[in-house]
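Protein chains: 4
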Amino acid sequence: MDKEIDLSNYKIRTDLLIDEVDHFEKQAIEVNEEVYDDVVVNSTKVLEDNEIKRKGIYTTISFEDVTDRHNFKKVQQVFEKELKKIIENLHLKDDYKTLVIGLGNCNSTPDSLGVKVCDNIIVTRHLYELNEASENYKNVAAFTPNVMGNTGIEASDIIKGIVGSIDVDLIIVIDALASSKIERVNKTIQLTNTGISPGSGVGNYRKEVSENTLNIPVIAIGVPTVVDAVIIVSDTINLLMKKIEYMKNNDAKEKLKAKNRVNYLKEKREQLNDVEKSNLLGLIGQLSDDDLKSFIYEVLSPIGYNMMVTPKEIDFIIEKLSLLISKGINNVIHELQI
Amino acid sequence: MDKEIDLSNYKIRTDLLIDEVDHFEKQAIEVNEEVYDDVVVNSTKVLEDNEIKRKGIYTTISFEDVTDRHNFKKVQQVFEKELKKIIENLHLKDDYKTLVIGLGNCNSTPDSLGVKVCDNIIVTRHLYELNEASENYKNVAAFTPNVMGNTGIEASDIIKGIVGSIDVDLIIVIDALASSKIERVNKTIQLTNTGISPGSGVGNYRKEVSENTLNIPVIAIGVPTVVDAVIIVSDTINLLMKKIEYMKNNDAKEKLKAKNRVNYLKEKREQLNDVEKSNLLGLIGQLSDDDLKSFIYEVLSPIGYNMMVTPKEIDFIIEKLSLLISKGINNVIHELQI
Amino acid sequence: MDKEIDLSNYKIRTDLLIDEVDHFEKQAIEVNEEVYDDVVVNSTKVLEDNEIKRKGIYTTISFEDVTDRHNFKKVQQVFEKELKKIIENLHLKDDYKTLVIGLGNCNSTPDSLGVKVCDNIIVTRHLYELNEASENYKNVAAFTPNVMGNTGIEASDIIKGIVGSIDVDLIIVIDALASSKIERVNKTIQLTNTGISPGSGVGNYRKEVSENTLNIPVIAIGVPTVVDAVIIVSDTINLLMKKIEYMKNNDAKEKLKAKNRVNYLKEKREQLNDVEKSNLLGLIGQLSDDDLKSFIYEVLSPIGYNMMVTPKEIDFIIEKLSLLISKGINNVIHELQI
Amino acid sequence: MDKEIDLSNYKIRTDLLIDEVDHFEKQAIEVNEEVYDDVVVNSTKVLEDNEIKRKGIYTTISFEDVTDRHNFKKVQQVFEKELKKIIENLHLKDDYKTLVIGLGNCNSTPDSLGVKVCDNIIVTRHLYELNEASENYKNVAAFTPNVMGNTGIEASDIIKGIVGSIDVDLIIVIDALASSKIERVNKTIQLTNTGISPGSGVGNYRKEVSENTLNIPVIAIGVPTVVDAVIIVSDTINLLMKKIEYMKNNDAKEKLKAKNRVNYLKEKREQLNDVEKSNLLGLIGQLSDDDLKSFIYEVLSPIGYNMMVTPKEIDFIIEKLSLLISKGINNVIHELQI
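Residue numbers (the working numbering), protein chains in the order written: chain A, 1 to 338; chain B, 339 to 676; chain C, 677 to 1014; chain D, 1015 to 1352.
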C-alpha cells in the first residue's frame, strides 16, 4: 500500500523561520525569547547560510489579537521595538534614505498587506529632492511593484530597476506570507534582515530581494495570511492526539499546571506512545508529521480540494495589520509617536 | 473516554438543501437531476414543511469553474434556465415588479456576493414612477440592507420596512452562504422559492426573509463561499479512507469504470468495513460522520482554531460569480440576452 | 434683445440658508455670528415657515481648510459644539436612540460624503437588542439608502420604511450639497434642525426627510461639494468688478484696513456705480446678479457646457470631511473625545 | 489701471496639440481632418521640433458621449483605427514587445484614468518568460508608477528603471490631462508618437517620457479630465459674445445654415466689432483672449478660487473612458475584436 503513496511530493512553503527552527542543529542558531503579556518575541540568529535559511536575524512576534484598541497598541509597541533593533543593527548613517516596498496584489485581499502598508507610509523623498523637506522627517520613498500576474513583470525586476535609478540606503519589504501552522495565520509578524527568499509567500516571487541581489540592506516584514488545507488537517489530527492524551492523563497535578485545557492543548507536546497512537488513529497515527502531510496532500491535491485558504474576516484583519505595520515603520524611521 | 467528549455540540450550519438531502425520508421529497457537461442540476421538491427545511423547490447547480469565459457562459445559461423555471412556477402577472435584495457586507469579500450582484442589476422602478420607462424593461428595484454589525439593524427589519413602503410582486434575495462540504465552496448555486431560513449563512440573519413573513414570493439565490475548518478536516479524513479503499481494491474493472482516481474519490461511497477502518484510523475511523465532526469541533473550538475560511482567490471568484448571477437575473427578468 | 433671453429659467439650487439670508426680511430671522480664528459660525433662526426656507435653526460653519491636522481639529471642535447645541435644543430623553442616515451615492466621489460618514459611525443598536451594550455608549444605528438611480427607490421611501420598523428618537441625515457660491465648495458645513428640503442637493431627493414627514426630529448636516459652471462664471465676474473697484480706490486707509488684497476682494461689497460698471463690463455689467446668472445659464445650458463640477482633489477632501463629521457625531452622541 | 495687472502670469497648461494649433505657422504643420458621424479626427503632423510642441504626429479624437453603448462602440472603433495607424507608422518588428504604462493616481478619481486602463490590459509577458504564452497574444506588460506625492519618486525615474531592466520595443503611456477648453473635458482623446511632454497633465510629471529619453518609441494617449476655473470663465465670456452676435444677426439665411443655435454657438467665430464688444462687455470685452485669461487668473488665484475642477459625474466617465481605451489597446495589439 505504502508504495503507491509518494510521500516526497509535498513541500510546505514557509517563509517563517520559526516553523523550521526545530530542523536546525543547536549550535547553528542562537535563540532568545521575550514575553510581553501574551505577546511573545522569538529572536533567532542563524549563524551561517544553510539549506533551510539564510544567515541572519529572524524575529518572530506572536500575538493573539490586534482587533481591539488595547491589544493593537501593545503589539505595535513590541513591533516598533524590534524593528528599531534590527535597523540599529545595520549601523546606517544618520540620514539614511529608506525605500519601503509593498509586495503583493491590491486586488486580492489576503495578498494586499504590503500594498496597504505603503498607502500609509509617510513619504518625503520628493520633498528632499525639491529642498522642501522638514528636518523632522527622514528621507522615505514607498513603492508597490504589484504581482507578475497583473504586470507581466517579476516584482524583483521592477525593484532592481527602481533601486538602480534612485539613491537608497535601506529597503524595507512587506509581504503577506503562507503559514505552515494553523495557529500562526494573521497572528505572527516576522522581521528579518535577510530579505525575502525566493519561492515562497502568498504570491510567487521567484527571485530574491535581498542585500545579496541589491547591495543594499533589506529588512523583510511578513505576516502569514493564508494556510494550506493540508496544514489545517494535519494540525488538527495532531491536536486530536493531544486531546486524547490529555483525557487519559491521570496526573492531576500536571493537568492543573496547564491551568486549563486550552493551554494544555497548545503547550504540551504529544506523549502518546506508538501503540496508543495506533489505537487512536490506526495507520494514520503512525505516520511522521511530514509523511502525514504528504499523504493528505496526495489525497486532496488531484481532486482540487487542496485550497490555500484565509479566515473569512480577512478584510478586517488586513486593515488592522497594515495599519499597525505602517504606523510602526513611520514611528521608527521618522522618530514619531503616533 | 467517550464520556468526556460531548458530541452533541457541533451543528453544521448550512442553507444548502443538497447537504441534507440524505436526511429526508424518500417519500418526503421528489428529486430530479439533469447534467449539462460538467454542470449538474439537482432539483429537489420538499413536499411538506419539516424540521430540516421548508416545503418548496430547491435547485442546486454544481459546477467546476466559472473563471474561464466558456465555462462562465455555460453555467450562466443553466442558471438562467433554472431561474426562469422558478419564476414561471410562481404564476406572477405579466408586468410583475421585482425587488432584488443583496444581503451581506460589502466590506467583507467573502460576504459581498449579494451587494456585488446588486451593483449590476438593471434598475428601472424609478423610470416607471416617472413614466419614463421603456416597455422593453420590466419594473425592477434593487437594494442592499447591509449587515447588522454595520447598521445596528437586522437586515430583515430593513427589508420589512422597504417592502412595506413600495409595491412589489417578487423578491429575489442573494446571499453568500456557509458550505457544509469542502467541494461546494464557490462551486454551487442554490435557488429556492422558500426564502432565506433563519440562523444560517455567512453572516447571521436571524430573522426569516420569506413569503411567510413578507406575503410576497421570495426567491433566494445562494452560493457557499466559506467553509468551516471542522468540515475541511472531516471531509479530508473521509477522503483518506476512500483513497485507501481505492488502493486496496483489486477490481480493475471498477477502477476502470471510475475512469480516473479523481472521479473515483469523488464519486464512490466508502466501502471499508469496520475492521479496515479501525486499522486505518483507529478509534477515529469508527466514529460516525456527525460524531467525527463534533469531536473535531470539540478540539478546535476552545483554542480558537475553528476558523471559517475562504479560498485565497476569493476576490476574483466573487467578481465572476456576482457577474454571472446579475447577468442571469437581468436576462431572465428583462428578457435580454447579454 | 432682452425679449429673446428668458431670464426666469435659471434657479440656483441651494440647501444653504446662508446663501439666501439676504432674501429674508430683517424681522423674519435672528442672526448670530461667532468667530474662532478663521472659522466662522453663523446661526440663523428662521422664525416662521416661508417660501424660501422652513422655520428652524440653520448653523453654517465656514472654514478655509481641513486638510492639515491642526485645522482639522479646530473645525471638528467647532462642529461638535454646534451639533451639541442643536441636539440639546431638542430636549430628548436621556437614553435617546439615534439613526444616522448617509444620503448619496458611494460610487460617485462628490456625492459619497454621507455614505462615508456612516462607515465610521460607532453603531450599537444591535448590542442593545442583544442586551450586550456597554453603558458608555448610546443606542445608535446607521444606514445608507443609496440613490434612486441605483436602487430605483426614492431615498425618502426607504427611510420612511426603516423608521417605521425600528424605534428611533433622533435622525441625523448627512448629505453632499450643491453650492451657490464658489467660495463655499468644500468649505462649509451646514447643520439644521429642519431636515432636508426637497429638490436640492447634489443628488436629487425629491421627497422631504424631516420631522414633518417622519414625526421624529431630523438634524440635517450638509457640505456643498459641487458647484455649477454658471456660478463660477457669475462669481468671477463679480470679483472682476470688485478688483477694478479696489484698484481705482484712492482711499489708502480703507485699503490698509483690508490688510491685503485678498481680504479686500472677499470682504468688500462692490461699490462701482452704474457708469463705471458699464465702462468695465458693458451691458453685462448692468445686469442684476440673478439676471447675469440666467443669461450665463441661457448660453451654457443648450450646448451642454453647464456642468456641475467639483475640485479635482475631491477624493482627498471627502475623506477628510467625512472623517471630521463622523468623529464629531460619535463624540457628541457617545460623549467621547476621539 | 492696467499697470497693476500683470497679464503675463497665466500660462494655460495643455498637452493637447489641438489647443495650440492656431499658434503654428501654416508651413510648420500638416493637418488632416476626418469625420465619422459626430466623431471628428484631427491628425496634425508637426514637421520640426519647436517651442510649442515636439515634432511628430498628434491625433485628436473629439466626441460627444461615450456613456451609451452605441456611441461607446463608435468611438472605440475610431480610436482603434487611429492607434493602429500610429503603431504601423513605427515599423516595429512583427513580434514587438509592448509595455503599457498607466500614469496618475488611483486614489484621485480624475487622475486615475491611466491606472484604470492598466487594470484591463491583457498582460502576457510573464507567460512568454515561462514559455507558456499562446501564439495568439503579443508580448505585453503593464505597469503603474503612481504619482510622486504617493511614492516620493518621479514617475519618469521609475519608468526609466523598469525599462532598463526588461526588454521592450514599444511603450504606450496613458494619462489624464488638463484641458484648455471647456468643451474638451472628457470629450477628447489625443494620441501622439511624441511621448508625454514635461510640465503638463493633471498631475505634474516634470520629466519627459519619450523616445528621446528612453530610446524606445513612446505613444502617449491622453484624455483631458480637468479644467481650470479661468478657462470656464473665459470660454463662457466668449460664448456670451457669440450669443449676442447671433441675436443681432439679421441674416436669416446664415442663421438657418447653422441649423440651430447650439451649432451656431459652437461653430461660428465671433464677429462683433470692437465697438459692439465694448458696448457688450466694456473693457473686458476689448481684452485679447490671453489677456482676459490672465486677468481672470489675477483675480481668482490669490483668493484661492482658481480651482482645477472636474464634472461631478467623473467616476462614471473615467470608468467608461478607461474601458474604451483598454479595449482599444487590447484589440489593436493582440489583434482581437472584443
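Beta carbons: idealized from backbone N, C-alpha and C, even for Gly.
None of the values given here were measured: they were computed from a predicted structure.
Within chain C, the C-beta atoms nearer than 7 Å to that of B:Thr462 come from Gly828, in chain order. In this chain, D:Tyr1072 is not harboured by any alpha helix (DSSP H); it is covered by the beta strand (DSSP E) spanning 1070-1076.
Straight-line spacing of the CA atoms in B:Leu625 and B:Tyr475 works out to 56 Å.
From the listed residues D:Gly1128, D:Asn1320, D:Leu1097, the smallest Cα separation to C:Val861 is found for D:Asn1320. Pairwise C-beta distances place the region 97-107 of chain A in contact with the region 130-147 of chain A, as three or more of them are shorter than 8 Å. At a cut-off of 8 Å between beta carbons, B:Val373 makes no contact with chain C.
When secondary structure is reduced to three states using DSSP, B:Ser503 falls in the helix class. Spatial neighbours of B:Lys393 in its own chain (CB-CB distance under 8 Å, excluding positions within 5 residues in sequence) are listed in chain order as Val384, Leu385, Glu386, Asp387, Thr532. By the Cβ-count criterion, C:Gln703 is exposed, with fewer than 16 other Cβ atoms from all chains shown falling within 10 Å of its own Cβ. Between D:Leu1030 and chain C, the shortest Cβ-Cβ separation is not below 8 Å. Along the length of the region 119-169 of chain A, whole beta strand (DSSP E) runs at least 3 residues long occupy 139-143, reported in chain order. According to the DSSP assignment, D:Ile1043 belongs to the beta strand (DSSP E) that extends over 1043-1050.
Counting along the chain, the unbroken beta strand (DSSP E) around B:Gln528 starts and ends at 526-530. For D:Val1237, the enclosing beta strand (DSSP E) covers residues 1232-1242. In the three-state DSSP reduction, C:Gly871 falls in the coil class, being neither helix nor strand.
A:Pro110 carries a helical assignment under DSSP once its states are collapsed to helix, strand and coil. In this chain, the alpha helix (DSSP H) harbouring D:Thr1227 covers 1225-1228.
Listed along the chain, the chain B residues whose CB falls inside 8 Å of the CB of C:Ser841 are Asp495, Ile496, Lys498, Gly499, Gly502.
When the alpha-carbon of C:Lys996 is set against those of C:Ser719, C:Thr720, C:His746, C:Leu692, the nearest one is in C:His746. Look at A:Asn120: its C-beta is not under 8 Å from any C-beta on chain B. When C-beta distances to chain A are compared with 7 Å, the residues of the region 637-650 of chain B below that value are Val637, Leu638, Pro640, Ile641, Tyr643, Met645, Met646, Val647, Thr648, Pro649, Lys650, in chain order.
Distance from C:Leu779 to C:Asp851 at the Cβ level is roughly 4 Å; contact confirmed, criterion being Cβ atoms closer than 8 Å. Shown in chain order are the members of the region 170-194 of chain A whose Cβ falls below 8 Å from a Cβ of chain B: Ile182, Glu183, Val185.
For the set B:Ile500, B:Asp495, B:Ile557, the Cα lying nearest the Cα of B:Glu426 is the one of B:Ile557.
Neighbours of D:Ile1310 in chain C, taken as residues at a C-beta separation under 8 Å, are given in chain order as Thr912, Leu916. Following the DSSP letters along the chain, one finds C:Val776 inside the beta strand (DSSP E) bounded by residues 773-778. For C:Lys749, there is no enclosing beta strand (DSSP E); the enclosing alpha helix (DSSP H) covers residues 745-764. For A:Thr109, the CB contacts under 8 Å within the same chain, skipping 5 residues up- and downstream, are Thr310, Ile314, Asp315, Ile318 in chain order. In chain order, Asn1345 place their CB closer than 7 Å to the CB of D:Gln1351, counting only its own chain and leaving out the 5 sequence neighbours on each side. Ranked by Cα distance from B:Thr397, the first of B:Asp353, B:Leu508, B:Ile570, B:Asp612 is B:Asp353.
The secondary-structure analysis by DSSP pairs A:Asn331 with nothing; it has no beta-bridge partner.
Close CB contacts of C:Lys836 within its chain, under the 8 Å cut and outside five residues either way in sequence, are with Thr889, Leu890 (chain order).
Excluding five sequence positions before and after C:Ile892, the CB atoms of its chain that fall closer than 6 Å to its own CB belong to Val844, Ile847, given in chain order. Out of B:Ile496, B:Asp403, B:Ile390, B:Lys422, the CA that lies nearest to the CA of B:Ile559 is found in B:Lys422. By alpha-carbon distance to A:Ile329, the top candidate from A:Glu33, A:Asn42, A:Leu292, A:Glu80 is A:Glu80. Cβ neighbours of B:Val571 within its own chain (closer than 7 Å, five residues either side excluded): Ile634.
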